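Visitor: Residue numbers (my numbering): 47 to 315. No residue lacks a Cβ here, since even glycine has one placed at the ideal position from N, Cα and C. Just so you know, these numbers come straight off a predicted model, no measurement behind them.
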Amino acid sequence: MAEQDFARLLDVTALQDSRFSATPVGDGGHLFGGHTLGLALNAACRTVNADLWPQSFHANFIDAGAAGRPMQLDVQSLRDSRAFAVRQVTVTQGESTPLLMQASFHAGEQGPDWHPDTPLDFPAPESLETDTTYLFNMDPLDVRPVNGPTQRGEGHMVPQVHPFWVRPRVALPDDRMAHACAVAFISDYMVVGTAQAPGMKVPAGSRVVTMEHGMWFLRPFDANDWLLFTADTVSVFHGRGLSRGNVFNRDGQLVATFMQEVLTRLPRD
């Protein structure tokens, strides 16, 4: 099914030099931000030397996007050298701009390999139950929360899903850019639940939207194998919540990290 296959969900069509189009699946409902991130990063990847590796991206969600509505992705080259490339991607749907992204790429240098030695004291993914996802128009993820299936219903508007193991339902091609785009997609999954004051309920009728999302790719990874995504609250103030997350492979190596700022607007009288 197309809605389960990342290779098709994140595909973009070249219109001309540095301009692409895509139509996110759906019927006009809410556009999942992670889908926009994956599409924008894919468009940027299509314009750089294949020897480079995604280093990082920083994205601002400017306007609300609509699923099922065609989008245009314009890629501007900000830098090109043998070691680095920087791209700016502007995603538009008509007069709206759902996303503005700046993505960096790096060829890699000689140097030490170090990260904190933090044992992953979590159950293996094979021992956990697959969760029903909150992706209403698509189902590309086998998500297995460490703490069991997420609670739904009244009082669980933005449930806590992290930490969770995840892998694609349909295997990704042998293309490291495709794997990076899929991880970008996943990095936005339910982070809003960790951008709330711990122990506080989000009232029904609240508006919860992502404002900014940044990610750093630290080491090569195989997204077809299980990856562990964690996220924790950093700060909540004036309606803005900041979360910090990490991505580990099964060997406990830190392969990526991300941060996201979320706006939670409570119901007004």
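#1: Say whether the stretch 222-229 touches the stretch 261-273, bearing in mind that this needs 3 or more beta-carbon pairs closer than 8 Å, one atom from each stretch.
#2: SER173 to MET305, Cα distance in whole Å?
#3: Do you know how far the Cα of ALA86 is from the Cα of ALA302?
#4: Using only the alpha-carbon positions, how far apart do THR143 and PRO70 sit?
#5: Under 6 Å Cβ to Cβ from VAL237, same chain only, skipping five residues before and after it: list those, please.
#6: If you reduce the DSSP assignment to three classes, tell me which class PHE283 lands in.
#7: Looking only at its own chain, which residues have a Cβ that is under 8 Å from the Cβ of PRO116, when we skip the five neighbours before and after it?
#8: Taking the straight line between their C-alpha atoms, what separation do you get for ALA250 and MET203?
#9: Can you tell me whether TRP211 is buried or exposed, with buried defined as 16 or more other CB within 10 angstroms of its CB?
#10: Going by beta carbon distance, what residues of the same chain come within less than 6 Å of HIS104, once the five residues before and after it are set aside?
#11: Can you give me the Cβ contacts of LEU124 inside the same chain, cut-off strictly under 8 Å, excluding the 5 residues immediately before and after it?
#12: Which runs of the beta strand (DSSP E) fall wholly inside the stretch 225-294 and span at least 3 residues, in chain order?
#13: Pick helix, strand or coil for ALA68, following the three-state DSSP scheme.
#14: Within the same chain, show all residues whose beta-carbon is closer than 6 Å to that of GLN50, passing over the 5 residues directly before and after it, in chain order.
#15: In the DSSP assignment, find the beta strand (DSSP E) that holds LEU218 and state where it starts and stops.
#16: Helix, strand or coil, according to DSSP, for GLU172 in the structure here?
#17: Are the Cβ atoms of THR136 and GLY111 separated by less than 8 Å?
#18: Between GLN242 and ARG265, is the Cβ-Cβ spacing less than 8 Å?
#19: Is GLU49 helix, strand or coil by DSSP?
#20: Which residue marks the beginning of the alpha helix (DSSP H) containing ALA302, and which one marks its end?
#21: Bridge partners of ASN106, per DSSP?
#22: What's the C-alpha gap between PRO219 and ASN88?
#23: Can you list, in chain order, the residues of its chain with a C-beta nearer than 6 Å to that of ASP73? Leave out the 5 residues immediately preceding and following it.
Guide: So, from the data block:
#1: Yes, since at least three Cβ pairs between the stretch 222-229 and the stretch 261-273 fall closer than 8 Å, the two stretches touch.
#2: Within the model, the alpha-carbon separation for SER173 versus MET305 is close to 29 Å.
#3: Cα to Cα, the separation comes out at about 18 Å.
#4: Their Cα atoms are separated by approximately 15 Å.
#5: Cβ neighbours of VAL237 beyond the five flanking positions: ALA277, SER289 and GLN306.
#6: Looking at PHE283 - three-state DSSP - the assignment turns out to be strand.
#7: The residues are SER67, ALA68, THR69 and GLN139.
#8: Between ALA250 and MET203, the C-alpha separation is close to 7 Å.
#9: The C-beta of TRP211 has 16 or more other C-beta atoms within 10 Å across all chains shown, which makes the residue buried.
#10: The residues are GLN148 and GLY260.
#11: Take LEU124, set aside five residues on each side of it, and the residues of its chain with a beta-carbon closer than 8 Å to its own are VAL132, ARG133, GLN134 and GLN148, in chain order.
#12: Listed in chain order, the complete beta strand (DSSP E) runs (minimum 3 residues) inside the stretch 225-294 are 253-263, 273-283 and 286-294.
#13: Of the three classes helix, strand and coil, the one that applies to ALA68 here is strand, per DSSP.
#14: For GLN50, where only same-chain residues beyond five positions count, the Cβ hits under 6 Å are ASP185, PRO186, ARG215 and VAL216.
#15: In this chain, LEU218 is not harboured by any beta strand (DSSP E), its DSSP state being neither H nor E.
#16: Of the three classes helix, strand and coil, the one that applies to GLU172 here is helix, per DSSP.
#17: It is not a contact, given that the beta carbons lie outside the stated cut-off.
#18: No; because the gap between Cβ atoms is not below 8 Å, this pair is not in contact.
#19: Helix.
#20: Taken as a continuous stretch (DSSP letters only), ALA302 belongs to no alpha helix (DSSP H), being part of the beta strand (DSSP E) at 300-311.
#21: DSSP lists LEU146 and GLU258 as partners of ASN106.
#22: Going from the Cα of PRO219 to the Cα of ASN88 covers about 14 Å.
#23: Excluding sequence neighbours, ASP73 sits near GLY114.
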